[in-house]
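Chains as they are written, first to last, in this note's numbering: chain A, 1 to 520; chain B, 1001 to 1338.
Using N, Cα and C, we set each Cβ at its ideal position, and we do this for glycine too.
Right, dumping it as structure tokens:
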């Protein structure tokens, strides 16, 4: 049968590197996912985890290196090939049809038919029942997928994966959008699969999940493997260090002091609720010279709050003032005129026109902030000069204002977006997820520029971020949100990553205890 | 060691690709058609034919410029044909009645006819603009519907009959007249196009159109007034169309209820050949002009080469598909060789 050495079983990633044009995303990555093991892949946003997954499932072809499954080289990898070999993936985009039922989705493309090609409905339904039982899916097999919770839909995707040949399953941040109970069930399912002999790669950036689910861990930092270890042989500190590595302290510039004055707040809002009820009764304030953070778990509504404060989504409020002046209705154009600017959390969906050039994106809406008009006519020369200036200030690479922005790396795109907003800001900057999907070099530059804005123009900054480190290092005060409400406000001395995390969880714990105790 | 023939073949392939990537497709098509058609029939480049061409091109030119703006915002205007018909009937009715069958108050009749035409353009444009930007109906569906509404109105007003009795001086003066050898139609159309071009190139409105087409949410977050600009765009398209329809009425010497039925398809084809993308954010006035000239040149050239209108339809369709494919290839090659 050939050399079936124990050592070679499972999926081996050998010396894989990946470059997209000038962008080196992965360098010499090595990984061994053994059968009957849950191998965690840890790393911050932009470290290269998703690219590695795409290479393993055949979406991208690595520029260098090899993949081996159970000792045999995988050549001509493609999504179809990888699936046939037994490599399955449960990604953020589940790849299921929302309007079809559970059983239809399970057998999509692989319907069981008899010799005449007629689908065997009863047979498929009973197989589906078995799979559902195994995964603790309690909904009837004919339920339409979109009527199920995200957690259950995910289980259907897993069901689809395990119906094939036993081999490898990759999970990409599966707990990002599911509840605690669903997470518990998911982990139970994963442990069962592991015990059955599946080789499991579990990708996450949440340290706290590792002790629950992982056997081994590999940390990716900036495209390279910074640590590989048995989970029992490594400490949390070592893992954190491997995730953020050398420039740990250099990454964050020193936060200037903020002294409260009697001045009116740059922005103050009382009892704001959004039209879609994602935010309820929020009140906050921020002064010039102050950076205030808004933190909370996914689904807490902090992103919606940012959009509401700028008028990108509709909201109702008791009071809203900018520099002490009352604002009746919040609209983006009016906010810009008041010197408020917003950097949306999703730069692709809301911030940039990817088919436009760098210059066009920089100058979008320039009429609100630039005097690029002579005799009522747009001064194209002034606009070009403005583009060059911002490219230079933000160190955008390549420094070409006529380059199509969609081709730049995430970090450079973000620099353009932030550079444009910095220019528009005269009173308040609403900064959402400023460094999501951004490489370390760009992160550092962005932090420096944001703090420079604070110092030079004495503006107020509202930083809405899922990056706990970022929030705790760069904010004077932090509001913590949970399920649409602000549940906690931490002052300078109380701010730290675990305090924020505790505050995001702490209230749930208290409410859970309260609801479980006998009625008073 | 690679064989020398392989090396030189590779070399030429790279040069070829670089050349294609750098060339503007419309200009290439225009040059190619001029060469091909003048070989097929030398009359193609005679001064008479060039004069002919410049009169023929005016109508599609005005409409394509308007359509291009709409396409840049990521929308469509399928009602341009119906607006043409409605304008033709309405302005003909006005001109015929004020001039009493073409005999009295001729100058007044022509002026009022023009105002009526622009008025229809304004009304249709407002209806389109409101439906798309305020009622937020998908532009394809919205203008499909308004096309039906406007065409229905046209047939109701005219009872399906053509409207004759418009002043002859209008028909001859605009339809076939010229000033110092330049067709009157062209002289009338050029200022309209220049005004639109001015706004697109030298006013924030123009840049905003690309932002709206590229990413509407990004345009919103930078304070661009989307509702205002999108409405303005549909308005401009309809008014340009109406103006073209008024001029076309002179050419066909009567108000025609079925005028312009080919305009929606032709104007979108011309705009796409001129560089517009169906998803918005791409294109330009220059491309609109080039695309319109190409479409009319194709029909004119094929007429002279004795290839009937059926062959012309086939050719137009093939060119449209080819230009989209070439555009995609250009992008691929650009990434390869640059």
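For the 7 Å CB-CB criterion, residue 1214 (chain B) and residue 351 (chain A) do not form a contact. Boundaries of the beta strand (DSSP E) harbouring residue 485 (chain A): 485–490, taken from the DSSP string. Looking at the DSSP output, residue 88 (chain A) shares a beta bridge with A:169. The alpha carbon of residue 1332 (chain B) has as its nearest neighbour, out of B:1010, B:1018, B:1012 and B:1011, the alpha carbon of B:1018. Residue 208 (chain A): not part of any beta strand (DSSP E); DSSP gives it neither H nor E. Residue contact check for residue 358 (chain A) against chain B: no CB pair falls below 7 Å. Within the segment 42–68 of chain A, the complete alpha helix (DSSP H) segments at least 4 residues long are 49–56, listed from N- to C-terminus. Only 332, 333, 336, 342, 344, 349, 350 and 351 from the segment 319–351 of chain A bring a Cβ to less than 7 Å from some Cβ of chain B. Collapsing the DSSP output to three states places residue 119 (chain A) in a strand. Beyond the five residues adjoining it in sequence on each side, residue 361 (chain A) comes within less than 8 Å, by CB distance, of 352, 353, 405, 416, 417 and 420 in the same chain, given in chain order. In the displayed model, residue 371 (chain A) falls within coil according to three-state DSSP, outside both helix and strand. For residue 367 (chain A), the nearest beta carbon of chain B is closer than 7 Å to its own beta carbon. Its chain contains 10, 194, 199, 200, 215 and 216 as the residues whose beta carbon lies nearer than 8 Å to that of residue 37 (chain A), once the 5 sequence neighbours on both sides are disregarded; these appear in chain order. Taken through DSSP and simplified to helix, strand or coil, residue 252 (chain A) comes out as coil. Distance between residue 388 (chain A) and residue 108 (chain A), taken at the CA atoms: about 51 Å.
When C-alpha distances from residue 1142 (chain B) are compared across B:1149, B:1132, B:1151 and B:1150, the shortest belongs to B:1132. Assignment of beta-bridge partners to residue 20 (chain A) by DSSP yields A:23. Residue 1162 (chain B) and residue 1313 (chain B) have their C-alpha atoms roughly 26 Å apart. Taking a beta-carbon distance threshold of 7 Å, residue 1202 (chain B) counts as an interface residue toward chain A.
About 7 Å separates the beta carbon of residue 1253 (chain B) from that of residue 1175 (chain B), a gap short enough to meet the 8 Å contact definition.
Residue state for residue 466 (chain A) is assigned as coil, using DSSP reduced to three classes.
The C-beta of residue 1310 (chain B) comes no closer than 7 Å to any C-beta of chain A.
Residue 377 (chain A) has a beta carbon lying within less than 7 Å of a beta carbon in chain B. Each residue's CA atom was taken as its position, placing residue 29 (chain A) and residue 162 (chain A) some 27 Å apart. Counting only residues of its own chain and dropping the five nearest sequence neighbours on each side, residue 1250 (chain B) has a CB closer than 6 Å to the CB of 1170, 1171, 1174 and 1175. CA-to-CA, the gap between residue 348 (chain A) and residue 192 (chain A) works out to about 38 Å.
With a threshold of 16 other beta carbon atoms within 10 Å, residue 138 (chain A) falls short and is exposed. When the beta-carbon positions are compared, residue 264 (chain A) and residue 339 (chain A) stay at least 7 Å from each other. Around the C-beta of residue 1300 (chain B), 16 or more other C-beta atoms lie within 10 Å, and the residue is accordingly described as buried. Residue 1192 (chain B) and residue 94 (chain A) have their C-alpha atoms some 52 Å from each other. With fewer than 16 other beta carbons inside 10 angstroms of its own, residue 1152 (chain B) counts as exposed. Distance from the CA of residue 52 (chain A) to the CA of residue 431 (chain A), rounded to the nearest whole angstrom, comes to 30 Å. For residue 282 (chain A), the three-state secondary structure derived from DSSP is strand. Taking CB atoms only, residue 405 (chain A) has no neighbour in chain B less than 7 Å away. Residue 1234 (chain B) and residue 1070 (chain B) have their C-alpha atoms spaced approximately 6 Å apart.
No Cβ of chain B is located within less than 7 Å of the beta carbon of residue 409 (chain A).
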